[in-house]
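To start, the structure itself, in C-alpha cells.
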Amino acid sequence: MKRGLFITFEGADGSGKTTQLNNVKMFLEEKGYSVIVTREPGALDIGQKIRDILLHHKGVVADRCEMFLFLADRAQHVETYIKPALEQGKIVLCDRHTDSTIAYQGYGRGQDISLLKELNKIAVKGLKPDLTLLYDVSTETAQQRVGSEKDRMESAGIDFHRKVRNGYIELQKEEPNRIKLINANNSIETVFEDTKDIIIKLLQEK
Ligand SMILES: Nc1ncnc2c1ncn2[C@@H]1O[C@H](COP(=O)(O)OP(=O)(O)OP(=O)(O)O)[C@@H](O)[C@H]1O
Ligand SMILES: [Mg+2]
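Pasting the structure below:
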C-alpha cells in the first residue's frame, strides 16, 4: 500500500522544473520530511542508457521507438524505485513523468493521445501522482533560458515547443485537481512562493 506522496514536475524545457524541484526538496527537508529526488528519463542504470539514446543519439530515432523507450524507462523506474520509496513513506519528487509523454510525443509529435494514455497506464501499473506542478512559460522565454547547448529533444524547433506547451495546458484543463498550473514567466522567487502555497495545501489535506 502506498503511504508517501508522489509529486511530479512538468513543463517545457527551460520552464524552471529542476530549479523549483530543488527548492521544494530543501523546503520539505527543513520541515522534517524524508524526500527523494528523481527524474525521467534515466534515473537508474537501465534508464541512463535509455536517456543517452533519447537525448544524444545522432541518427534517426523513429517516433514509435522514442515512445517505447520513454515508456520502458518509466516502467522500470516506477517498479524498482518510485513505488518502493512511496511504500517506505517517502515524498518522491520526480522531474518529468507521464504528462511529458502526452505533451511531447502526443501533442508535440502528433502521436495518438488516447493510445499514449493507455500505454502510460500499462507502464505505471496504477500509480498516479498525488500532485503535478505544471510550469507554464512562454516558448520564447523558455528557449532563451535553455540557451544554445540544446539536446535532441530541445532542438526540435519552435513550432514543436508551442504544441507541447498547448498540450500541457489541455492536460491541466482535463485534470485540474491533480495538475496545478503555475505561471513560470515570473521570477524564481515568485514561482517558488506559488509552488510552496500548493505544496502546503497538499500537506494539509493528507
Ligand atoms: N523563473 C525564472 N526566471 C528566470 N530564470 C529562470 C527561472 N527559472 C529557472 N531559470 C533559469 O533558467 C534555466 C533553466 O531552468 P531549469 O533548468 O530549472 O529548467 P528545466 O525546466 O528543468 O529545464 P529542462 O527541461 O531543460 O531540464 C536555468 O539557468 C535557471 O536558473
Ligand atoms: Mg531540468
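Yeah, the sequence shown ends on 207 if you go by our numbering, and it's all consecutive.
For glycine and all other residues, C-beta sits at the position ideal for the given N, C-alpha and C.
Between the region 123-132 and the region 149-156 there are fewer than three inter-stretch CB-CB distances shorter than 8 Å, so the stretches are not counted as touching. Under the DSSP assignment, Val36 falls in the beta strand (DSSP E) whose first and last residues are Val36 to Arg40.
Between the region 115-124 and the region 41-61 there are fewer than three C-beta pairs closer than 8 Å, too few to call the two in contact.
Counting only residues of its own chain and dropping the five nearest sequence neighbours on each side, Ile114 has a CB closer than 8 Å to the CB of Ile103, Gly107 and Tyr108.
Bounds of the beta strand (DSSP E) holding Lys181 are Ile180 to Asn184. If you compare the alpha carbons of Ile170, Val147 and Val192 with that of Gly15, the shortest gap goes to Val147.
Per DSSP, the unbroken alpha helix (DSSP H) holding Glu31 starts and ends at Lys18 to Glu31. As for any beta strand (DSSP E) of minimum length 3 sitting wholly inside the region 102-165, the runs are 132-137, ordered along the chain. Taking a 10 Å sphere around the C-beta of Lys174, we find fewer than 16 other C-beta atoms and assign the residue as exposed.
Secondary structure note for Thr196: its alpha helix (DSSP H) is the uninterrupted segment Ile189 to Glu206. In this structure, the beta-carbon distance from Gly5 to Leu87 falls below 7 Å.
Using a Cβ-Cβ distance cut-off of 8 Å, the region 165-185 and the region 75-91 are not in contact, since fewer than three pairs of beta carbons, one from each stretch, lie closer than that value. Ranking Arg65, Ile180, Leu70 and Ala63 by CA distance to the CA of Ile47 puts Leu70 first. The beta carbon of Thr9 sits no closer than 6 Å to any heavy atom of ligand 2.
A Cβ-Cβ separation of about 5 Å places Phe10 in contact with Leu22 under the 8 Å criterion. Closer than 6 Å to some heavy atom of ligand 1: that describes the Cβ of Thr20. By the CB criterion at 7 Å, His162 and Thr140 fall inside the cutoff. With contacts defined by Cβ atoms closer than 7 Å, Leu135 and Gly12 form a contacting pair. The secondary-structure analysis by DSSP pairs Ile92 across a beta bridge with Leu6 and Val36.
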